[in-house]
RNA sequence: GUGGUCGUAGCUCAGUUGGUUAGAGCGCCAGGUUGUGGCCCUGGAGGUCGGGGGUUCAAGACCCCUCGAUCACCCCA
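Numbering (this note's numbering), first residue to last: 539 to 966.
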C-alpha cells in the first residue's frame, strides 16, 4: 500500500470505478459517455467549447463572484507567487467573461454561445456529492438580452439531463430584478427582518449586514416561518425585468417545460440579475442541486467593460449528475471489448505476436495479448476477462504451418485460419 | 468551519464481557486438464486491524490525539 493518498476531497477516476469509502466514483468510460452527451447537446444549441485556465487572478474571481460571497470569503484555494495572486478557479462564468472581453469576442458581431467542461476547486468540507476538486459543465450565451436566450439556457440544461435519461428533477425559477430594484427590495427586506433580528441564527444575522437576500435561502424552519410575510422580490422588480420574466416563463411554457416560480430563490453569486434558476434532483438529498444559473448582465461592468455585455448561463455539477444517473441505474456503460486477444506459446510465438498485433491494430482492430509469459490457461482467462471476441492461438506448430487456431469466444467454436487471412476472419 | 457516525485483506464485511499463530465471501495466483476462458473442486499469496500515544500481565476491541471517509449543518454545482 502506498503511503501517499489523494488529497482530501479529491478522487481518482479509474477504468473500473471504485468507492471512496462510501461514495462511488464511476468508471472513466461513464465520465466519457456523459461528456460526449453534453458536447452533443451543446452542439445542438450552436455552442462551441471554450477552455480557460485553471489558474486565474484572484481579483477576477473576487470581483466577479463578489467579495462577500462564501465562495470568495472562505472557500478559495488561493496563493501568492511573486507579486501575483492566483486562485484555482471556483467556477467558470467569470473566467469565460474575462476571456470574452480579453479577446474582444463582441467584435465578431452576433451572439457567442460558449460551453465548457472542466475541474473547479472550492475548499469546502467534503461530503457526498461535494468535493474540493469537482467538475462543472455549463453554457454561457453572451451578447443577448432576448428572453429566448434565458429560456434557451434553461432548455439546454434540461436537454442534457433528458439526453442521459434523467427526468427526476424540478426547475425553480425567479427574477432578481435589475440593479435598481434590488437595492430597493434589499432595504424593504432589512426593514422587515430587523425587528426579528434577535430571533435569527448568527449566520442570518451576519447576512442582514452583508447580504440580506441570502437570508431568503435559509433552511431553518423557524426562520422560514418568520419570512412567511416578508416582502416579495416580485413586488419590487422594475417593469422591464418583470416583463422579461414573463417572457421567459412564456417561452418555457411554449415548449411544455414545467417550472416552479420561487420568489425566495436567490443565488449565492453576486453577479446575477433578472433571471435566476436552479435545477434540483428530486431524489439526491442534501447535495441535490444539479445545476444553477441565470442572467448576469452586470458582470461585464464588474470586470471593467465600458458598457453592459448582456449574458445568461448555467453551470452544472458532473459529480451530482453522475450520482443521479447512478441512482436511476442509467450509468451502466459496458466496457469496450477487444476484437482479438493473441495467445502465444513458446518464445518464437511470443516474438511473432508483436508485429502481428501491430498490423491488426493498424487495420482498426482492438488487439491485446499477454505480457507476463503465462500459461495457455492463464492467457485464455485473461482473454475472457478482457471480453475478447476472438482468441488467436499460436504455438510452434502454427508457426511452422502458417495457420493459426482462432477461437470464437462467444460461440466457443474454433477454426484454423492462415496468417494472411486473420484480418478478414476478424471482420466476420 | 461546526456536530454525529464509521475506519479489520484488492472489494464487501464478521471478529462474543480485552485472552494464544486475526477470519469469511468475492477477486487474484496456481493445480486438477502434457496446448484452450466461463462452471466445479483443491491449494496458495495477500493484513504494520487508518496512523501515533496511553491503560493493562495481555488491545483489532478501552482512553486520548491525529488523519481519512461518511451523514447533517453550512455552502453550492
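Backbone N, C-alpha and C fix where the C-beta goes; we use that ideal spot for every residue, glycine too.
Measure from the alpha carbon of residue i to the alpha carbon of each residue in the options, then state which is nearest.
{"i": "residue 661", "options": "546, 871, 856 and 638", "result": "546"}
{"i": "residue 748", "options": "693, 702 and 806", "result": "806"}
{"i": "residue 798", "options": "792, 787 and 808", "result": "787"}
{"i": "residue 709", "options": "890, 771, 869 and 694", "result": "694"}
{"i": "residue 741", "options": "756, 729 and 613", "result": "756"}
{"i": "residue 571", "options": "920, 860, 926 and 785", "result": "860"}
{"i": "residue 724", "options": "703, 711, 901 and 754", "result": "754"}
{"i": "residue 576", "options": "651, 655, 610 and 613", "result": "655"}
{"i": "residue 726", "options": "705, 750, 711 and 703", "result": "750"}
{"i": "residue 840", "options": "811, 685 and 686", "result": "811"}
{"i": "residue 890", "options": "803, 957 and 946", "result": "957"}
{"i": "residue 702", "options": "959, 868 and 953", "result": "868"}
{"i": "residue 835", "options": "795, 715 and 820", "result": "715"}
{"i": "residue 772", "options": "746, 792 and 802", "result": "802"}
{"i": "residue 942", "options": "930, 759 and 948", "result": "930"}
{"i": "residue 950", "options": "921, 909 and 689", "result": "921"}
{"i": "residue 728", "options": "769, 758 and 711", "result": "769"}
{"i": "residue 591", "options": "933, 637 and 610", "result": "637"}
{"i": "residue 952", "options": "624, 793, 928 and 872", "result": "928"}
{"i": "residue 705", "options": "939, 790 and 866", "result": "866"}
{"i": "residue 947", "options": "759, 959, 935 and 918", "result": "918"}
{"i": "residue 765", "options": "744, 731, 796 and 789", "result": "731"}
{"i": "residue 932", "options": "960, 924 and 923", "result": "960"}
{"i": "residue 578", "options": "657, 698 and 558", "result": "698"}
{"i": "residue 864", "options": "606, 565, 827 and 792", "result": "565"}
{"i": "residue 582", "options": "696, 613 and 609", "result": "696"}
{"i": "residue 653", "options": "910, 935, 851 and 683", "result": "851"}
{"i": "residue 569", "options": "557, 938, 553 and 760", "result": "553"}
{"i": "residue 901", "options": "796, 854 and 962", "result": "962"}
{"i": "residue 795", "options": "844, 843, 711 and 854", "result": "711"}
{"i": "residue 870", "options": "557, 567, 558 and 550", "result": "567"}
{"i": "residue 853", "options": "648, 790, 580 and 910", "result": "580"}
Counting C-beta neighbours from all protein chains within 10 Å, is the total for residue i 16 or more, i.e. buried, or is it exposed?
{"i": "residue 673", "result": "buried"}
{"i": "residue 808", "result": "buried"}
{"i": "residue 539", "result": "In this prediction, residue 539 has a pLDDT of 42, which is less than 50 and means its spatial position is unreliable; what the coordinates show is noted afterwards. Looking at its Cβ environment, which holds fewer than 16 other Cβ atoms inside 10 Å, residue 539 is exposed."}
{"i": "residue 763", "result": "exposed"}
{"i": "residue 586", "result": "exposed"}
{"i": "residue 574", "result": "exposed"}
{"i": "residue 945", "result": "buried"}
{"i": "residue 905", "result": "buried"}
{"i": "residue 858", "result": "buried"}
{"i": "residue 659", "result": "buried"}
{"i": "residue 542", "result": "exposed"}
{"i": "residue 954", "result": "exposed"}
{"i": "residue 874", "result": "exposed"}
{"i": "residue 593", "result": "exposed"}
{"i": "residue 692", "result": "buried"}
{"i": "residue 846", "result": "exposed"}
{"i": "residue 719", "result": "buried"}
{"i": "residue 721", "result": "exposed"}
{"i": "residue 589", "result": "exposed"}
{"i": "residue 872", "result": "exposed"}
{"i": "residue 837", "result": "buried"}
{"i": "residue 938", "result": "exposed"}
{"i": "residue 700", "result": "exposed"}
{"i": "residue 557", "result": "exposed"}
Taking 8 Å as the cut-off, is the CB of residue i close to at least one heavy atom of the ligand GDP?
{"i": "residue 696", "result": "Although the ligand GDP was asked about, the structure shown includes no ligands whatsoever."}
Below 8 Å on the Cβ atoms is my guess for residue i versus residue j; work out the distance and round it to an integer in Å.
{"i": "residue 713", "j": "residue 775", "result": "6 Å"}
{"i": "residue 548", "j": "residue 671", "result": "4 Å"}
{"i": "residue 849", "j": "residue 597", "result": "With 8 Å as the limit, residue 849 and residue 597 do not qualify as a contact, their Cβ atoms being about 20 Å apart."}
{"i": "residue 862", "j": "residue 822", "result": "6 Å"}
{"i": "residue 651", "j": "residue 555", "result": "Not quite, the Cβ-Cβ distance comes to about 33 Å (not below 8 Å), so this is no contact."}
{"i": "residue 785", "j": "residue 685", "result": "4 Å"}
{"i": "residue 876", "j": "residue 924", "result": "5 Å"}
Worksheet item: Looking at C-beta atoms only, is the number of pairs between the stretch 606-619 and the stretch 638-645 that lie closer than 8 Å three or more?
Response: Note that the stretch 606-619 does not touch the stretch 638-645; fewer than 3 beta-carbon pairs, one per stretch, sit closer than 8 Å.
Worksheet item: For the stretch 923-954, which segments carrying the beta strand (DSSP E) assignment without a break, of at least 3 residues, lie completely within its bounds, in sequence order?
Response: Runs of the beta strand (DSSP E) lying entirely within the stretch 923-954, each at least 3 residues long, are 928-932 and 941-946 in chain order.
Discussion item. Please give the ranges of any beta strand (DSSP E) in the stretch 657-692, keeping only runs that are unbroken, at least 3 residues long and fully inside the region.
Written reply: The qualifying runs are 671-680.
Item to complete: Pick out the complete alpha helix (DSSP H) segments inside the stretch 716-782, 4 residues or longer, and give them in chain order.
Response: The DSSP assignment places 719-731, 740-748 and 759-764 as complete runs of the alpha helix (DSSP H) inside the stretch 716-782, in order along the chain (cut-off: 4 residues).
Worksheet item: Is it true that the stretch 778-787 meets the stretch 663-680, where meeting means three or more beta-carbon pairs spaced less than 8 Å apart?
Response: Cβ pair count under 8 Å is below three, so no.
Worksheet item: Do the stretch 819-835 and the stretch 731-744 meet, that is, are 3 or more Cβ pairs less than 8 Å apart?
Response: In this structure the stretch 819-835 does not lie against the stretch 731-744, because fewer than three pairs of beta carbons, one per stretch, are closer than 8 Å.
Discussion item. Does the contact criterion of 3 or more C-beta pairs under 8 Å hold for the stretch 870-883 versus the stretch 902-917?
Written reply: Yes: the two stretches touch, three or more of their Cβ pairs being nearer than 8 Å.
Fill in: Three-pair Cβ contact test at 8 Å for the stretch 592-608 versus the stretch 629-636
Taking a cut-off of 8 Å for Cβ pairs, the stretch 592-608 and the stretch 629-636 touch, as three or more such pairs fall below it.
Worksheet entry | Length at least 3, wholly inside the stretch 784-857: the beta strand (DSSP E) runs in chain order | Counting whole runs of 3 or more residues, the stretch 784-857 contains the beta strand (DSSP E) stretches 813-819, 827-833 and 849-855.
Fill in: Ordered list of beta strand (DSSP E) runs contained in the stretch 891-927, each at least 3 residues
Every beta strand (DSSP E) stretch that sits fully inside the stretch 891-927 and reaches 3 residues is listed by chain position as 905-907.
Fill in: Validate contact between the stretch 869-881 and the stretch 890-908 using beta carbons, cut 8 Å, 3 pairs
Result yes; three or more Cβ-Cβ pairs closer than 8 Å.
Item to complete: Any chance you could list the alpha helix (DSSP H) runs of at least 4 consecutive residues sitting entirely within the stretch 560-631, in chain order?
Response: Within the stretch 560-631, the complete alpha helix (DSSP H) runs of at least 4 residues fall at 566-582, 596-603 and 608-612.
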